[in-house]
Amino acid sequence: MKKKIPLHTKIIIGLVLGLVFGLAVIKTSIPNSFTLDYIKPIGTIFINALKMIAVPLVLASLIVGVSNLGDISKLSRIGGKTIATYLITTVVAISTGLILVNVFKPGKSLPLETRESLMQMYEGDAGARVGQAAQLQEQSPLQPLVDIVPQNFFLATTDNGAMLQVVFFAIIVGIALLQIPKEKGNPVIAFFDGFNDVIIQIVNYIMMIAPYGVFALMASLIVEIAGENPDSAVELLLALLKYSLVVTGGLLLMVIFVYPMILVSFTKVKYLDFFKAIRPAQLLAFSTSSSSATLPVTMKQVEEEIGVSEEVSSFVLPLGATVNMDGTSLYQGVAAVFIAQALGMDLSLTQQLMIVLTATLASIGSAGVPGAGLIMLIIVLESIGVPAAGIALIIAPDRILDMFRTVVNVTGDATVCTIVASTEGELPEGLIRKNNPLTPDL
Numbered sequence: 455m456k457k458k459i460p461l462h463t464k465i466i467i468g469l470v471l472g473l474v475f476g477l478a479v480i481k482t483s484i485p486n487s488f489t490l491d492y493i494k495p496i497g498t499i500f501i502n503a504l505k506m507i508a509v510p511l512v513l514a515s516l517i518v519g520v521s522n523l524g525d526i527s528k529l530s531r532i533g534g535k536t537i538a539t540y541l542i543t544t545v546v547a548i549s550t551g552l553i554l555v556n557v558f559k560p561g562k563s564l565p566l567e568t569r570e571s572l573m574q575m576y577e578g579d580a581g582a583r584v585g586q587a588a589q590l591q592e593q594s595p596l597q598p599l600v601d602i603v604p605q606n607f608f609l610a611t612t613d614n615g616a617m618l619q620v621v622f623f624a625i626i627v628g629i630a631l632l633q634i635p636k637e638k639g640n641p642v643i644a645f646f647d648g649f650n651d652v653i654i655q656i657v658n659y660i661m662m663i664a665p666y667g668v669f670a671l672m673a674s675l676i677v678e679i680a681g682e683n684p685d686s687a688v689e690l691l692l693a694l695l696k697y698s699l700v701v702t703g704g705l706l707l708m709v710i711f712v713y714p715m716i717l718v719s720f721t722k723v724k725y726l727d728f729f730k731a732i733r734p735a736q737l738l739a740f741s742t743s744s745s746s747a748t749l750p751v752t753m754k755q756v757e758e759e760i761g762v763s764e765e766v767s768s769f770v771l772p773l774g775a776t777v778n779m780d781g782t783s784l785y786q787g788v789a790a791v792f793i794a795q796a797l798g799m800d801l802s803l804t805q806q807l808m809i810v811l812t813a814t815l816a817s818i819g820s821a822g823v824p825g826a827g828l829i830m831l832i833i834v835l836e837s838i839g840v841p842a843a844g845i846a847l848i849i850a851p852d853r854i855l856d857m858f859r860t861v862v863n864v865t866g867d868a869t870v871c872t873i874v875a876s877t878e879g880e881l882p883e884g885l886i887r888k889n890n891p892l893t894p895d896l
């Protein structure tokens, strides 16, 4: 039989071809409108399809996951491990970013002319973000708790940004199913279990077009960054190259040092095997910049390739896609100090500790969708007295960096899920499943 090309290889090919095609468009006479009108919609359809199943997947998987735990004590044990580990990895990520940005000081090297031109170019965009953040700051300190409880559950299911409300409802339903008579609860559990399997099958269908969607997303991204003047995009990225390298360096440290250390400490899983297992999810995270959109694939890879049970993955991963943003938190720490350095402001140790606290809390409320980190960054800036309009300095490379930090977000979720499964005795030998017959070779 002819060997099929693995899905992750197809996605890589799509990324590379999209990059090549995008560069060819901006360097030749091919009009940008062709890419934006006929290529980009394919990527949009792909992302929309993933977002379409995000809410049903979270709802069904969490209800089944919680109800399958069997008792409240197991739920509290797994929940406690999950939340504690997520908080620890978030604090480590922010601290890593702060150390790097204080050592390399990228903001000190930003030319005054570049700073002023960027501020003027993105003044309107920055103003819109500031307005959104101002609305959040005017709210009560307990407003995040209020926002967790939906006024109308069905309305919450129509908004991927309200995923935390869906998570709350699903957990409550799961707990209720644990406490009602089994003869009444079992039909409900069976319904959501079957519904969850249907959603997973839909994921398989969507992943068939993943390489084409990734190609379209990458090609349109390159064209949109360049705009009508490709040289301006190049100059913009070069001016902020040092800042971008600090961010990506910190993100890389998380992936190749922090997460492997955590895995070695709590599991017997080899990180190279772990990395191979979640590679399709990482590639998808890179192309979509959305933890929520990547969630179905992350769950699929963790269950089928690493061997984590559905009851653990269906609880830990949806929660992680909502509240755990290691990559975003690291970026916020670096960006806040970078902006302060560029504006000639020296931050005290107290202010930088405030960044750790605020960025940790902000990551919990940050939606797993592209661009949400910028709004949360403004709250971080305001907490340390740095002008929020300074985000104009880092908007230019943000879309690219968003892709990298989403990879870290997803990797962190999968790492914590593997750790929780291991501490529950699910991975006693730490062996990744090989040639799993359930894993389609698309």
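Note that the sequence shown covers residues 455 to 896 in the numbering used here.
Each residue gets a CB set at the ideal place from its N, CA and C atoms; glycine is no exception.
Note that the coordinates shown come from a computational prediction; the quantities given were computed from them, not determined experimentally.
- The beta carbon of G476 lies closer than 6 Å to those of A673, I676 and V677 in the same chain, with the five residues before and after it left out.
- For I732 and A739, the gap between their C-alpha atoms comes out near 11 Å.
- Residue L516 holds the alpha-carbon nearest to the alpha-carbon of L618 among L516, A644, I660 and N640.
- The C-alpha of V600 lies about 19 Å from the C-alpha of N778.
- DSSP places S530 in the uninterrupted alpha helix (DSSP H) bounded by I526 to F558.
- The straight-line gap separating the alpha-carbon atoms of T612 and L803 is approximately 42 Å.
- Residue burial is scored here from C-beta neighbours: D856 has at least 16 other C-beta atoms within 10 angstroms and is therefore classed as buried.
- Counting only the Cα atoms, Q655 lies some 36 Å from P851.
- Using a Cβ distance threshold of 9 Å, L632 and S521 count as a contacting pair.
- Taken through DSSP and simplified to helix, strand or coil, P460 comes out as coil.
- Straight-line spacing of the CA atoms in V603 and S483 works out to 53 Å.
- In terms of Cα proximity to I537, the closest of L771, V627, Y659 and E758 is L771.
- Residue state for I634 is assigned as coil, using DSSP reduced to three classes.
- Counted as a single uninterrupted DSSP element, the alpha helix (DSSP H) harbouring V520 occupies residues K494 to N522.
- Runs of the alpha helix (DSSP H) lying entirely within the region 711-751 and spanning at least 4 residues, in chain order: 713-720 and 725-742.
- According to the DSSP assignment, P485 belongs to no alpha helix (DSSP H), since it is labelled neither H nor E.
- Look at S763 here: in three-state DSSP terms it is coil, with no helix or strand label.
- Take the alpha-carbon of I643 and the one of I809: they are about 43 Å apart.
- Of the candidates L529, P560 and A813, the residue whose Cα lies closest to the Cα of I548 is A813.
- Judged by beta-carbon spacing, V512 lies beyond the 9 Å limit of V668, meaning their Cβ atoms are not closer than that value.
- I793 is not a Cβ neighbour of S698, given a cutoff of 9 Å.
- Q605 is classed as exposed because its beta carbon has fewer than 16 other beta carbons within 10 Å across all chains shown.
- Just measuring C-alpha positions, the residue of I848, I716, I660 and T872 sitting nearest V762 is T872.
- Here V864 has A735, Q736, A739, S745, T748 and T752 as same chain residues with Cβ atoms under 7 Å from its own Cβ, once five neighbours each way along the sequence are excluded.
- Put simply, the region 489-508 touches the region 651-666. At least three CB pairs are less than 8 Å apart.
- For P560, same chain residues with a beta-carbon under 6 Å away, outside a window of 5 residues either side, are K696, Y697, V700 and F792 in chain order.
- For the pair G519 and V788, the CB atoms are not nearer than the 9 Å cut-off.
- For S802, there is no enclosing alpha helix (DSSP H), as DSSP marks it with neither H nor E.
- Taking 9 Å as the cut-off, the Cβ atoms of Q805 and I838 count as close.
- Apart from the 5 residues on each side of it in sequence, P665 sits with its Cβ closer than 7 Å to the Cβ of K464, I465, I467 and G468 in its chain, given in chain order.
- F623 counts as buried, since at least 16 other C-beta atoms from the protein chains shown sit within 10 angstroms of its C-beta.
- Only residues of its own chain outside the window of five on either side were considered, and among them V668 and L671 have a CB closer than 6 Å to the CB of S741, listed in chain order.
- Per DSSP, T702 is one residue of the alpha helix (DSSP H) stretching across L695 to L707.
- Burial state of K754 is buried, judged by a 10 Å Cβ sphere holding 16 or more other Cβ atoms.
- Relative to G497, the option among L552, S743, V712 and F729 whose CA is nearest is S743.
- The residue from G472, F711 and P460 with its alpha-carbon nearest to that of K494 is G472.
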